[in-house]
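Visitor: Before I ask anything, here is the structure I am working with.
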Amino acid sequence: MTAFFVMRRWTDFFILIAVLAAMIVLFGLMRESFFSMGTLGTVANRIPALALVATGMTLVMVTGGIDLSVGSLLGFCGAVTGVLMADLHWGLALAVIASVAVGAVIGSTTGAVSVKLRLPSFIVSLGMLEIARGLAFLTTNSQTKYIGADIEALGAPFGGLVISPAFVISLLVVAAGQVMLSQMAIGRHLIAIGANREAALVSGLSVDRPRIFAHALLGALTGLAAVFNCSRLGSADPNAGTGFELGAIAAVVVGGTSLMGGRGSVVKSFMGVLIIATLEAGLIQVGATEPVKRVVTGLVIVAAVLADTWRRK
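Residue numbers (my numbering): 1 to 313.
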């Protein structure tokens, strides 16, 4: 039985690689310019923030929860970063710490309200989505904060490559997230809660604190993602992150994390990030409009959910 599950995990991984390769070939045939350094750079710049949030979202979703507020939280944490650096002239290191701390506080609040009051996490996070977006506008007085060179180096390619320091950091976070989920006790704990909460309680496992921890970690990673997003734009826009939660959830679901909880992989979620980033870049290359991109993303989410249902059966 163990061999069967190992084989299925590797099969899922190779399927994701095949899907990614097929998309690259398809878009390359549709538009020759897709095979260019410019496209590669676009995909590489899109990946860091999405990879961080997808890592945290995987940990939340394996417990059976979900967080719809990450897009607005990214905007709010970015606003905090912009005000601190552009208006108060804080250094990058302190601004990063502040953004991560704000994200962790908001994330832990969402988790605590959901867990302690036994409320569905999607309802609580939906309310937090509006709160965080409102805070983003209040923090910046509804204005874009231009930061400039003080933060742009974090998202700029280095060493003659198309990858940036943000990209390297995101890979390290993905690796750490995978180790935590698959090799550490806390990861097995989170999976056990998602697989069967009642059985976890009977076994004497703490159920509430790990779930709150997962939300707090997602918030912290969203705060770091907000800094990466600001570095890519060179500014902090209170509208930043609108719809970002859809891309993150799509990446995690495409990566095979079950919406019912109990199963997930950070590395596979990263493969989902690559697929979503490549899909967006390809649609831009072929001239797809924003409504068309939304339709396609929605179809991808539905297809991934159907695939998850089929796997569970």
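Beta carbons: idealized from backbone N, C-alpha and C, even for Gly.
(1) Assess contact between the stretch 244–262 and the stretch 99–116, defined as three or more Cβ pairs (one per stretch) separated by less than 8 angstroms. Is contact present?
(2) Give the C-beta separation of Val-70 and Val-96 to the nearest angstrom, bearing in mind that I take them to be a contact with Cβ-Cβ under 8 angstroms.
(3) Whose C-beta lies closer than 8 angstroms to the C-beta of Ala-199 among residues of the same chain, with five residues either side of it excluded?
(4) What three-state label does DSSP hand Ala-236 in the structure shown?
(5) Decide if Val-179 is buried, meaning its Cβ has at least 16 other Cβ atoms within 10 Å, or exposed.
(6) Is it the case that the stretch 107–120 contacts the stretch 212–226, given that we only count it when at least three CB pairs across the two stretches are under 8 angstroms?
(7) On a Cα-Cα basis, can you pick out the residue from Ala-281, Val-253, Thr-139 that is closest to Asn-45?
(8) In the DSSP assignment, what residue or residues form a beta bridge with Lys-145?
(9) Is the beta carbon of Pro-48 less than 8 angstroms from the beta carbon of Ser-170?
(10) What is the DSSP secondary structure of Ala-288, reduced to helix, strand or coil?
(11) What number of angstroms, rounded off, separates the C-alpha of Leu-161 from the C-alpha of Ser-36?
(12) Straight-line CA distance for Ser-114 to Arg-31?
(13) Just verifying my parser: in three-state terms, what is the DSSP assignment at Val-19?
(14) When the Cα atoms are used, what is the spatial distance from Ile-17 to Ala-176?
(15) So what's Ile-249 in DSSP terms, helix, strand or just coil?
(16) Measure the Cβ-Cβ separation of Met-61 and Gly-261 and say whether it is below 8 angstroms.
(17) Contact between the stretch 136–156 and the stretch 230–242: three or more CB pairs below 8 angstroms?
(18) Is the CB-CB distance between Gln-285 and Ser-33 below 8 angstroms?
(19) Roughly how many whole angstroms lie between the Cα atoms of Asp-231 and Val-80?
(20) Which of the three DSSP states is assigned to Phe-228 in this structure?
(21) Return yes when the Cβ of Val-83 is within less than 8 angstroms of the Cβ of Leu-181, no when it is not.
(22) Select from Asp-67, Glu-290, Thr-11, Leu-190 the residue whose C-alpha is nearest the C-alpha of Thr-222.
(23) Which runs of the alpha helix (DSSP H), 4 residues or longer, sit entirely within the stretch 53–102?
(24) Whose C-alpha, out of Val-174, Gly-41, Gly-148, Leu-135, is nearest the C-alpha of Met-85?
(25) Does the distance from the C-beta atom of Ala-136 to that of Leu-154 stay below 8 angstroms?
(26) Measure the alpha-carbon distance for Ala-288 versus Phe-14 and round it to whole angstroms.
(27) Rounding to the nearest angstrom, what Cα-Cα distance links Val-252 and Val-273 in this structure?
(28) Tell me whether Ser-36 sits in a helix, a strand or coil according to DSSP, three-state version.
(29) Could you tell me if Phe-4 is buried or exposed, where buried requires 16 or more neighbouring beta carbons within 10 angstroms of its beta carbon?
(30) Report all residues from its chain with a CB closer than 7 angstroms to the CB of Val-19; omit the five preceding and five following residues, and keep chain order.
Guide: With the given structure in hand:
(1) no
(2) Not a contact, Cβ separation roughly 18 angstroms.
(3) Ala-192
(4) strand
(5) exposed
(6) yes
(7) Ala-281
(8) Ala-236
(9) yes
(10) coil
(11) 13 angstroms
(12) 46 angstroms
(13) helix
(14) 21 angstroms
(15) helix
(16) yes
(17) yes
(18) yes
(19) Residue identity differs from the one stated: residue 231 is Ser in this sequence, not Asp. C-alpha separation (whole angstroms): 14 angstroms.
(20) helix
(21) no
(22) Asp-67
(23) 70–82
(24) Gly-148
(25) no
(26) 28 angstroms
(27) 8 angstroms
(28) coil
(29) Unreliable placement is indicated for Phe-4, whose pLDDT of 48 sits below 50; the coordinate value is still reported in the next sentence. Answer is exposed; the Cβ neighbour count stays below 16.
(30) Ile-275
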